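*Asks:*
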Amino acid sequence: MRAVATCLILTLGGCVFAGPHYQGPVSDHFDGERFQNQVPTPGSFWSFLRWQATREPPPWPTSLHLEPAPAPPPQVAGADLRVTWINHSTLLLQLDGLNVLTDPIWSERCSPLSWIGPQRVIPPGVRFEDLPRIDAVLISHNHYDHLDLETLRRLQEAHRPRFLVPLGDRPLLEDAGLERVSEHDWWEEVPLGGATRAGFVPAQHFANRGLTDRDRTLWGGWVLEGPAGLVYFAGDTGWGPQFAQVRERYGAPRLALLPIGAYAPRWFMAPMHLDPAQAVEAHRVLGAGTSVGIHFGTFPLADEGRYAPAWELARALHAQGVPPERFWTLEGGEGRAVPPRPAGP
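Numbers in the numbering used here are just positions in the sequence shown, counted from 1, shifted up by 16.
Shown next as structure tokens:
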């Protein structure tokens, strides 16, 4: 009964909080009304209702204590590359003298409503006040756990970064008072500073902020390409051809940031979310030097336990013969220097 009531509340909220609709020329992934994946994905609102009404997720802890990590360094330069996992899909990437955030969320909930919806079980691993100067923010798509307007407003007030978003999302940010917003199509590149460029790349997912705007804006991942090497942020994605495409177009990344959570039940989640074994396969297809597991352990979004993604990732690494030092799971707030990509596969 509680699941049905929650579903009804979120449904009503979804009718009110739908996002803007992109208007632009037809392309191979936009039919003039809606965007589409490279590989058609099944699924419907009715399957979502079925999942919500029948799910029996394992219990998550309601609140975990986490001491804030030390403040990250102001920047790194030269050939250095540093990654800090704040938690969920929020990462601080430091390379080429730039500080870049991905899908930042410091809010307590990822929801259109402040009093219901997925609530974080652990605080952000780095205090907002301890962030270094942020030069750019990369947004993968408009779901509430990836595009959090409250956090973006705080970032603008404190840092005035550039905001790079998918096609169709600029009006949402500008209506919220955000500035320096640019929107991008798949395979479009934009200079970030110096010799470093950001490129928006495909993902296998979907976008919406309510019930009436499904696939009306684009979704994807990002690459950063500069003197420190190639960084690939997969965003939120299921399995698709994009991993091989990124490898073919850009080469093997020094660092890949790959989602490993929100994968259960597979009958519903498989078209849109990798499971840990698929994330390891993506690491192999990309030829990544180092990968980091993201999108887990912060918000109870699906039907696996909080610790299951990390456990399943360890099993998958062993089964596929990938050394664990090549695929990390970090603690919230943990930052590491990324080693150069080794020669070979």
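C-beta: ideal position from N, C-alpha, C; glycine also.
All figures in this text were calculated on a predicted structure; none of them were measured in a lab.
#1: Among the residues of its own chain, which have a CB less than 8 Å from the CB of P15, if the five just before and after it don't count?
#2: Which one of V99, P73, P74, R71 has the shortest CA to CA distance from G349?
#3: DSSP three-state call for W101: helix, strand or coil?
#4: State the start and end residues of the unbroken beta strand (DSSP E) segment that holds F179.
#5: Quick one: Cα of P257 to Cα of L82, how far?
#6: Please report the distance separating the alpha-carbon of V197 from that of Y323.
#7: Residues bridged to P77 by DSSP?
#8: Apart from the five residues just before and just after L240, which ones in its own chain have a Cβ nearer than 6 Å to its Cβ?
#9: Check whether the Cβ atoms of I138 and P120 lie closer than 9 Å to each other.
#10: Please classify R143: does DSSP put it in a helix, a strand, or coil?
#11: If you measure between the beta carbons of P41 and G184, is that distance less than 9 Å?
#12: Name the two residues that bound the continuous beta strand (DSSP E) containing R352.
#13: On the DSSP bridge list, what partners appear for R213?
#14: Counting only runs that start and end within the region 221-285, where is the beta strand (DSSP E) found for 3 or more residues in a row?
#15: What did DSSP end up calling H299 once you bin it into helix, strand or coil?
#16: Which residue spans inside the region 317-358 form an unbroken beta strand (DSSP E) run of at least 3?
#17: In three-state DSSP terms, what is H57?
#18: Any idea what DSSP makes of L166, helix, strand or coil?
#19: What residue from P287, G237, W327 has the CA that sits closest to L273's CA?
#20: Within its chain, find whatever has a CB closer than 6 Å to the CB of E204; leave out the 5 residues flanking it on each side and keep chain order.
#21: If you run the structure through DSSP and keep just helix, strand and coil, what is T27?
#22: In three-state terms, what does DSSP make of H175?
#23: Nearest-angstrom Cα distance between S123 and T167?
#24: What residue from G210, D229, F144 has the CA that sits closest to A85's CA?
#25: Can you give the beta carbon distance from Q110 to P88, rounded, assuming they're within the 8 Å contact cut?
#26: By alpha-carbon positions, which one of A192, L188, G133, R265 ends up nearest to F315?
#27: What's the gap between the Cα of G48 and the Cα of A34?
#28: Over what stretch of residues does the beta strand (DSSP E) that includes L117 continue unbroken?
#29: If we call anything under 9 Å between Cβ atoms a contact, is G245 one with R265?
#30: Is the distance from the Cβ of G305 to the Cβ of D112 below 9 Å?
#31: Return helix, strand or coil for L107, following the three-state DSSP convention.
#32: Using the C-alpha atoms, what's the distance from W76 back to G278?
#33: Please return the same chain residues whose Cβ sits closer than 6 Å to the Cβ of L346, not counting the five positions on each side in sequence.
*Replies:* In short, the structure shows the following:
#1: Missing from the structure shown is residue 15; the chain here goes from 17 to 361 and no further.
#2: For this step, residue 349 is matched to residue 333 along the sequence shown. Nearest C-alpha to G349: V99.
#3: The residue labelled residue 101 in the question sits at position 85 within the sequence shown. The answer is strand: DSSP assigns W101 an E or B state.
#4: Numbered from 1 along the sequence shown, position 163 holds the residue referred to as residue 179. Residues 178-182.
#5: Stepping through the sequence shown from its first residue, residue 257 is reached at position 241. Stepping through the sequence shown from its first residue, residue 82 is reached at position 66. Going by the C-alpha atoms only, they are around 38 Å apart.
#6: Position 181 of the sequence shown holds residue 197. Position 307 of the sequence shown holds residue 323. If you take the alpha carbons of V197 and Y323, they lie about 36 Å apart.
#7: Translated into the one-based positions of the sequence shown, residue 77 becomes position 61. For P77, which the question treats as bridged, DSSP gives no partner whatsoever.
#8: Numbered from its first residue, the sequence shown carries residue 240 at position 224. Cβ neighbours of L240 beyond the five flanking positions: A214, V247.
#9: In the sequence shown, counting from the first residue as 1, residue 138 sits at position 122. In the sequence shown, counting from the first residue as 1, residue 120 sits at position 104. No, the pair does not count as a contact, with Cβ atoms beyond the cut-off.
#10: Taking the sequence shown and counting its residues from 1, one reaches residue 143 at position 127. Of the three classes helix, strand and coil, the one that applies to R143 here is coil, per DSSP.
#11: Counting from 1 along the sequence shown, the entry for residue 41 is found at position 25. Counting from 1 along the sequence shown, the entry for residue 184 is found at position 168. The answer is no: Cβ separation not under 9 Å.
#12: Mapped onto the sequence shown, residue 352 falls at position 336. Its beta strand (DSSP E) spans residues 351-353.
#13: On the sequence shown, residue 213 is found 197 positions in, with the first residue counted as 1. P207, E241, per the DSSP bridge assignment.
#14: 237-242, 245-249, 271-275
#15: Within the sequence shown, residue 299 is the residue found at index 283, counting from 1. Helix.
#16: 351-353
#17: To locate residue 57, count along the sequence shown from 1; it is residue 41. The sequence as given places Thr at residue 57; His does not occur at that position. T57: coil per DSSP, three-state reduction.
#18: Stepping through the sequence shown from its first residue, residue 166 is reached at position 150. The question names Leu, but residue 166 in the sequence shown is Glu. Three-state result, E166: helix.
#19: By 1-based counting over the sequence shown, the position of residue 273 is 257. Answer by Cα proximity: G237.
#20: By one-based count along the sequence shown, residue 204 stands at place 188. Excluding sequence neighbours, E204 sits near F216.
#21: Counting from one through the sequence shown, the residue named residue 27 turns up at place 11. Bear in mind that a pLDDT of 48 at T27, under 50, signals an unreliable position, so the model cannot answer this.
#22: Position 159 of the sequence shown holds residue 175. If DSSP states are grouped into helix, strand and coil, H175 belongs with the helices.
#23: On the sequence shown, position 107 is the one that residue 123 refers to. On the sequence shown, position 151 is the one that residue 167 refers to. Each residue's alpha carbon lies about 7 Å from the other.
#24: Along the sequence shown, read from residue 1 onward, the residue named residue 85 stands at position 69. Nearest C-alpha to A85: F144.
#25: As a first step, residue 110 is located in the sequence shown; it is residue number 94 there, counting from the start. As a first step, residue 88 is located in the sequence shown; it is residue number 72 there, counting from the start. About 7 Å separates the two Cβ atoms, so the contact holds.
#26: The count along the sequence shown starts at 1 and reaches residue 315 at position 299. The shortest Cα separation from F315 among A192, L188, G133, R265 belongs to G133.
#27: Taking the first residue of the sequence shown as 1, we reach residue 48 at position 32. Taking the first residue of the sequence shown as 1, we reach residue 34 at position 18. Rounded to the nearest angstrom, the two C-alpha atoms are 18 Å apart.
#28: Against the sequence shown, residue 117 aligns to sequence position 101. First-last of the beta strand (DSSP E) with L117: 114-118.
#29: For the purposes of this step, residue 245 is taken as the residue at position 229 of the sequence shown. For the purposes of this step, residue 265 is taken as the residue at position 249 of the sequence shown. Their beta carbons are not under 9 Å apart, which means G245 does not touch R265 by this criterion.
#30: What you label residue 305 is simply residue 289 of the sequence shown in a count that begins at 1. What you label residue 112 is simply residue 96 of the sequence shown in a count that begins at 1. Their beta carbons are not under 9 Å apart, which means G305 does not touch D112 by this criterion.
#31: Start at 1 with the first residue of the sequence shown, and residue 107 comes out as number 91. In the structure shown, L107 sits in a strand (DSSP, three-state: E or B).
#32: For the purposes of this step, residue 278 is identified with residue 262 of the sequence shown, where counting begins at 1. For the purposes of this step, residue 76 is identified with residue 60 of the sequence shown, where counting begins at 1. Before going further, note that residue 278 is Ala rather than Gly in the sequence given. When rounded, the distance between both Cα atoms is 13 Å.
#33: Taking the first residue of the sequence shown as 1, we reach residue 346 at position 330. So the qualifying residues of the chain are W101.
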